[in-house]
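The next block holds one structure in the form of structure tokens; read it before the comments.
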Amino acid sequence: MHNAESRTPAASVSAVATEVQTSPLERLKTGYLKFKENYVKDQNLVSSLAEGQAPPYMIIACCDSRVDPCTVLNLPPGEAFVLRNIGNMVPAYSAQSACSSAASAIEYAVLHLKVKHLVVMGHSRCGAVKALMGIEDDGSNRFSEFIEDWVLILKNASKKVKSIHKVAPFAEQCTACEKEVVNASLWNCLSYPFVREKMASGDLTLHGGYYDFVSNAFESWTLDLSCLNDVDKVQ
Amino acid sequence: MESVDNMQERKLEELSLEANVACPVDPFEKMRKAFEEFKAYFKKEKELFDALAQSQHPKWMIIACSDSRVDPALVLGLELGEAFILRNIASLIPPHSKQSGHKSGASAIEYAVEHLKVEHIMIVGHSRCGGIKALLEMKEDGSNRFSEYIEDWIQIAQPASEIAKAKVPHDSPFEELWTCCVKESVNLSLRNCMSYPFVKIPMEKGLLTLHGAYFDFVNGAFDVWKLKCKIDEHQSL
Numbered sequence: 019m020h021n022a023e024s025r026t027p028a029a030s031v032s033a034v035a036t037e038v039q040t041s042p043l044e045r046l047k048t049g050y051l052k053f054k055e056n057y058v059k060d061q062n063l064v065s066s067l068a069e070g071q072a073p074p075y076m077i078i079a080c081c082d083s084r085v086d087p088c089t090v091l092n093l094p095p096g097e098a099f100v101l102r103n104i105g106n107m108v109p110a111y112s113a114q115s116a117c118s119s120a121a122s123a124i125e126y127a128v129l130h131l132k133v134k135h136l137v138v139m140g141h142s143r144c145g146a147v148k149a150l151m152g153i154e155d156d157g158s159n160r161f162s163e164f165i166e167d168w169v170l171i172l173k174n175a176s177k178k179v180k181s182i183h184k185v186a187p188f189a190e191q192c193t194a195c196e197k198e199v200v201n202a203s204l205w206n207c208l209s210y211p212f213v214r215e216k217m218a219s220g221d222l223t224l225h226g227g228y229y230d231f232v233s234n235a236f237e238s239w240t241l242d243l244s245c246l247n248d249v250d251k252v253q
Numbered sequence: 023m024e025s026v027d028n029m030q031e032r033k034l035e036e037l038s039l040e041a042n043v044a045c046p047v048d049p050f051e052k053m054r055k056a057f058e059e060f061k062a063y064f065k066k067e068k069e070l071f072d073a074l075a076q077s078q079h080p081k082w083m084i085i086a087c088s089d090s091r092v093d094p095a096l097v098l099g100l101e102l103g104e105a106f107i108l109r110n111i112a113s114l115i116p117p118h119s120k121q122s123g124h125k126s127g128a129s130a131i132e133y134a135v136e137h138l139k140v141e142h143i144m145i146v147g148h149s150r151c152g153g154i155k156a157l158l159e160m161k162e163d164g165s166n167r168f169s170e171y172i173e174d175w176i177q178i179a180q181p182a183s184e185i186a187k188a189k190v191p192h193d194s195p196f197e198e199l200w201t202c203c204v205k206e207s208v209n210l211s212l213r214n215c216m217s218y219p220f221v222k223i224p225m226e227k228g229l230l231t232l233h234g235a236y237f238d239f240v241n242g243a244f245d246v247w248k249l250k251c252k253i254d255e256h257q258s259l
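Residue numbers (the numbering used here), protein chains in the order written: chain A, 19 to 253; chain B, 23 to 259.
Structure representation (structure tokens):
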């Protein structure tokens, strides 16, 4: 677990330099042994987690190596059930969808783990959002087998940003889209009946988060329950 | 009557603003305090974070379970910037397919390998995995189905369940079958990874290594193994 006081700049820079020289598996071994050393100090935690998990949070975050939510928000083992994909995107509820990693994870977290808070966490300089914003309407600049198909699940977010921020520079549009994608994902979470039910009964709160590692800031916002009425009408 | 699109757009607009907190006690207070600590660390490590703000160059892609007890960055002591991490129930990767539904795993692997040029992919299974337990308890006729999405997702690992049931003696304790199935599921997902041409090609060139891992938080162990593709020496018939 990260402990801010135990780190000095020199130690971290040399840690990075060592990583370059030692074998990749040696690097993981060092990390694991350090974790184990700290972890076993709390035997109550160890035995309770061996039996089961009861995390209060579910966090949906991007795969980006710079935004590990447990690191940034100092969440120890057992605190957060975490789904990560590129762009921290949640597809809308669909009765026909096969094989949905997001839907299955949300269902498990909400109905079985009974998490109290569901957080969608976006971030600065997101490559997936940049890819989404860069897609031409006619698909003429397609560059991948799967990436475009994945990010296009939230094409409405990029459409909205392009219409509101027509004249803004591309980088600014991307920043706006990073936050819009969080809101669109939250909106899609609401399209799952089991999410709506738990929100209505007061057992679940939905939050948006935005981690900006350029300016070292974290914004968060919470969904107002009154938006539930609109979702029911839409269905 | 307002159209669905307009209603959704209006709602998205409202959601874009900082919304009011619905409950009186701020549930994020703990997280905010934690972020303040992290901010202090961020300030100290200016050189590292200035570099990361520009771009990421992780050597690792790690695929791990969403389980709250197995965050790979925590467990492996990884610094920010070191690993691109995909997490879903039971760290599953479906095989390459043109018709798959959502493409969360495939797109992440494609991005990691083709764009970030990671050198290693590690799939981590773990002890007491709820997803694998659900898989082992599923009846063939689907008569004990309990979810809308979970079984459909976890079915990806069905071949691993068959292998484990064949390997482990019938009278063994459930824990043994469970452990075996988790490891076979990791191996299955590794083989499924290889079914993607953008994985297979760098592997064959020696630019990408695939690893399996099993994190046992009951007994305090972390095992790793490599997936090796070897073409044997030719033999004359």
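All C-beta atoms in this analysis are idealised placements derived from N, C-alpha and C, irrespective of residue type, glycine included.
Practice problem: Mind listing the chain B neighbours of residue 100 of chain A? Cutoff is C-beta to C-beta under 8 Å, in chain order. | Solution: As a working note, residue 100 of chain A is residue 82 in the first sequence. Under a criterion of Cβ atoms nearer than 8 Å, the residues of chain B adjacent to residue 100 of chain A are, in order, 88, 90, 93, 109.
Quiz item: Taking one C-beta from the region 186 to 204 of chain B and one from the region 215 to 235 of chain B each time, how about it: are there three or more such pairs within less than 8 Å?
Solution: Of all C-beta pairs linking the region 186 to 204 of chain B to the region 215 to 235 of chain B, fewer than three are shorter than 8 Å, placing the two stretches out of contact.
Quiz item: Run through DSSP, which three-state label would residue 238 of chain A get?
Solution: Translated into the one-based positions of the first sequence, residue 238 of chain A becomes position 220. When secondary structure is reduced to three states using DSSP, residue 238 of chain A falls in the strand class.
Quiz item: Nearest to residue 85 of chain A by alpha carbon, out of B:223, B:78, B:205?
Solution: To locate residue 85 of chain A, count along the first sequence from 1; it is residue 67. Ranking the options by Cα distance to residue 85 of chain A, first place goes to B:78.
Self-check item: Range covered by the beta strand (DSSP E) that runs through residue 132 of chain A
Solution: Numbered from 1 along the first sequence, position 114 holds the residue referred to as residue 132 of chain A. Run containing residue 132 of chain A: none; DSSP gives neither H nor E here.
Quiz prompt | Supposed close pair residue 112 of chain B, residue 207 of chain B - CB separation, criterion 8 Å | solution = Your numbering for residue 112 of chain B matches position 90 in the second sequence. Your numbering for residue 207 of chain B matches position 185 in the second sequence. Correct: roughly 6 Å between the Cβ atoms.
Exercise. Whole angstroms is fine: what's the gap from residue 153 of chain A's alpha carbon to residue 171 of chain A's?
Key: Within the first sequence, the letter at position 135 stands for residue 153 of chain A. Within the first sequence, the letter at position 153 stands for residue 171 of chain A. If you take the alpha carbons of residue 153 of chain A and residue 171 of chain A, they lie about 13 Å apart.
Quiz prompt | Within chain B, the residues that residue 126 of chain A reaches when beta carbons sit closer than 7 Å | solution = Indexing the first sequence from 1 puts residue 126 of chain A at position 108. Those are 111, 172, listed as they occur along chain B.
Exercise. Using a Cβ cut-off of 7 Å, pull out every chain B residue sitting near residue 88 of chain A, in sequence order please.
Key: Residue numbering aside, residue 88 of chain A sits at position 70 when the first sequence is read from its first letter. From the beta-carbon of residue 88 of chain A, the residues of chain B found nearer than 7 Å are 93, 95, 96.
Quiz item: For residue 57 of chain A, which of B:98, B:65, B:81 has the nearest alpha-carbon?
Solution: The residue given as residue 57 of chain A occupies position 39 in the first sequence. It is B:98.
Self-check item: Cβ of residue 160 of chain A within 8 Å of any chain B Cβ
Solution: To locate residue 160 of chain A, count along the first sequence from 1; it is residue 142. It does not; no Cβ of chain B falls within 8 Å.
Quiz item: What residue does the beta strand (DSSP E) around residue 98 of chain A start on, and which one ends it?
Solution: Sequence index remark: in the first sequence, residue 98 of chain A carries index 80 (1-based). Segment 98 to 103, the beta strand (DSSP E) holding residue 98 of chain A.
Exercise. Can you have a look at residue 188 of chain A and say buried or exposed, based on whether 16 or more other CB atoms are within 10 angstroms of its CB?
Key: To locate residue 188 of chain A, count along the first sequence from 1; it is residue 170. Burial state of residue 188 of chain A is exposed, judged by a 10 Å Cβ sphere holding fewer than 16 other Cβ atoms.
Self-check item: Collapsed DSSP secondary structure at residue 47 of chain B in the structure displayed
Solution: By one-based count along the second sequence, residue 47 of chain B stands at place 25. Below a pLDDT of 50, predicted positions are generally treated as unreliable, and residue 47 of chain B, at 46, falls in that range; the measurement from the model is reported next regardless. Coil, per DSSP.
Quiz prompt | Where residue 189 of chain A falls: helix, strand or coil (DSSP) | solution = Taking the first sequence and counting its residues from 1, the one referred to as residue 189 of chain A is at position 171. In the structure shown, residue 189 of chain A falls within a helical segment according to DSSP collapsed to helix, strand and coil.
Self-check item: Amino acids of chain B, ordered along the chain, whose beta-carbon sits closer than 7 Å to that of residue 54 of chain A
Solution: Numbered from 1 along the first sequence, position 36 holds the residue referred to as residue 54 of chain A. Neighbours of residue 54 of chain A on chain B, chain order: 242.
Quiz item: For residue 109 of chain B, which option in B:130, B:53, B:246 has the closest C-alpha, if you only look at C-alpha atoms?
Solution: Taking the first residue of the second sequence as 1, we reach residue 109 of chain B at position 87. The candidate whose alpha carbon is nearest that of residue 109 of chain B is B:130.
Exercise. Could you tell me whether the Cβ atoms of residue 190 of chain A and residue 147 of chain A are closer together than 8 Å?
Key: The residue labelled residue 190 of chain A in the question sits at position 172 within the first sequence. The residue labelled residue 147 of chain A in the question sits at position 129 within the first sequence. Contact flag unset, no.
Quiz prompt | Range covered by the alpha helix (DSSP H) that runs through residue 215 of chain B | solution = Working through the second sequence from its first residue, we reach residue 215 of chain B at position 193. DSSP places residue 215 of chain B inside the alpha helix (DSSP H), whose first and last residues are 196 to 216.
Exercise. Could I get the ranges of all uninterrupted alpha helix (DSSP H) runs contained in the region 105 to 156 of chain B, with 4 residues as the minimum, in chain order?
Key: Listed in chain order, the complete alpha helix (DSSP H) runs (minimum 4 residues) inside the region 105 to 156 of chain B are 126 to 132.
Quiz item: With DSSP run on the structure shown, which of helix, strand or coil describes residue 226 of chain A?
Solution: Here residue 226 of chain A refers to the residue found at position 208 when the first sequence is read from its first residue. In the structure shown, residue 226 of chain A sits in a strand (DSSP, three-state: E or B).
Quiz item: Using a Cβ-Cβ distance under 8 Å, would residue 81 of chain A count as near chain B?
Solution: Looking up residue 81 of chain A in the first sequence gives position 63. For residue 81 of chain A, the answer is yes, since a Cβ of chain B falls inside 8 Å of its Cβ.
Quiz item: Span of the alpha helix (DSSP H) holding residue 88 of chain A?
Solution: To locate residue 88 of chain A, count along the first sequence from 1; it is residue 70. Here the alpha helix (DSSP H) through residue 88 of chain A covers 87 to 90.
Exercise. Count the CB pairs spanning the region 117 to 130 of chain A and the region 158 to 176 of chain B that are closer than 8 Å, and state whether there are at least three.
Key: With the cut-off at 8 Å, the region 117 to 130 of chain A and the region 158 to 176 of chain B touch.
Quiz item: Which runs of the beta strand (DSSP E) fall wholly inside the region 58 to 111 of chain B and span at least 3 residues, in chain order?
Solution: Those beta strand (DSSP E) runs which fall completely within the region 58 to 111 of chain B and span 3+ residues are 82 to 87, 105 to 110.
Quiz item: To the nearest angstrom, how far is it from the Cα of residue 124 of chain A to the Cα of residue 73 of chain A?
Solution: Counted from its first residue, the first sequence places residue 124 of chain A at position 106. Counted from its first residue, the first sequence places residue 73 of chain A at position 55. Between residue 124 of chain A and residue 73 of chain A, the C-alpha separation is close to 13 Å.
Quiz prompt | Exposure label - residue 18 of chain A; buried when at least 16 CB within 10 Å | solution = Any answer about residue 18 of chain A is impossible in this case: the structure gives chain A only from 19 up to 253.
Quiz item: residue 149 of chain A lies in the alpha helix (DSSP H); which residues open and close that run?
Solution: Locating residue 149 of chain A in the first sequence gives position 131, where the first residue counts as 1. For residue 149 of chain A, the enclosing alpha helix (DSSP H) covers residues 145 to 152.
Practice problem: Can you have a look at residue 70 of chain A and say buried or exposed, based on whether 16 or more other CB atoms are within 10 angstroms of its CB? | Solution: The residue you call residue 70 of chain A lines up with position 52 of the first sequence. Result: exposed.
Quiz item: Can you tell which of A:168, A:208, A:135, A:42 has the C-alpha that lies nearest to the C-alpha of residue 82 of chain B?
Solution: Start at 1 with the first residue of the second sequence, and residue 82 of chain B comes out as number 60. Closest by alpha carbon: A:42.
Practice problem: Taking 8 Å as the cut-off, decide whether the C-beta atoms of residue 200 of chain A and residue 100 of chain A are in contact. | Solution: The count along the first sequence starts at 1 and reaches residue 200 of chain A at position 182. The count along the first sequence starts at 1 and reaches residue 100 of chain A at position 82. Not closer than 8 Å, so no.
Exercise. Quick one: which residues of the region 178 to 196 of chain A get their C-beta closer than 8 Å to a C-beta of chain B? List them in chain order.
Key: Within the region 178 to 196 of chain A, 178 place their CB atoms closer than 8 Å to a CB of chain B, listed in sequence order.
Exercise. Report the option in B:202, B:175, B:120 whose CA atom is closest to the CA atom of residue 184 of chain B.
Key: Stepping through the second sequence from its first residue, residue 184 of chain B is reached at position 162. Out of B:202, B:175, B:120, B:202 has the C-alpha closest to the C-alpha of residue 184 of chain B.
Exercise. Could you check how far apart the C-beta atoms of residue 217 of chain A and residue 192 of chain A are, in whole angstroms? I think they sit under 8 Å.
Key: Mapped onto the first sequence, residue 217 of chain A falls at position 199. Mapped onto the first sequence, residue 192 of chain A falls at position 174. So it is not a contact: roughly 30 Å between Cβ atoms.
Self-check item: residue 75 of chain B versus A:62, A:63, A:82, residue with shortest Cα-Cα distance
Solution: Taking the first residue of the second sequence as 1, we reach residue 75 of chain B at position 53. It is A:82 whose Cα lies nearest to the Cα of residue 75 of chain B.
Quiz item: Using a C-beta cutoff of 8 Å, does residue 264 of chain B count as contacting chain A?
Solution: Given a span of 23 to 259 for chain B in the structure shown, any question on residue 264 of chain B remains unanswerable.
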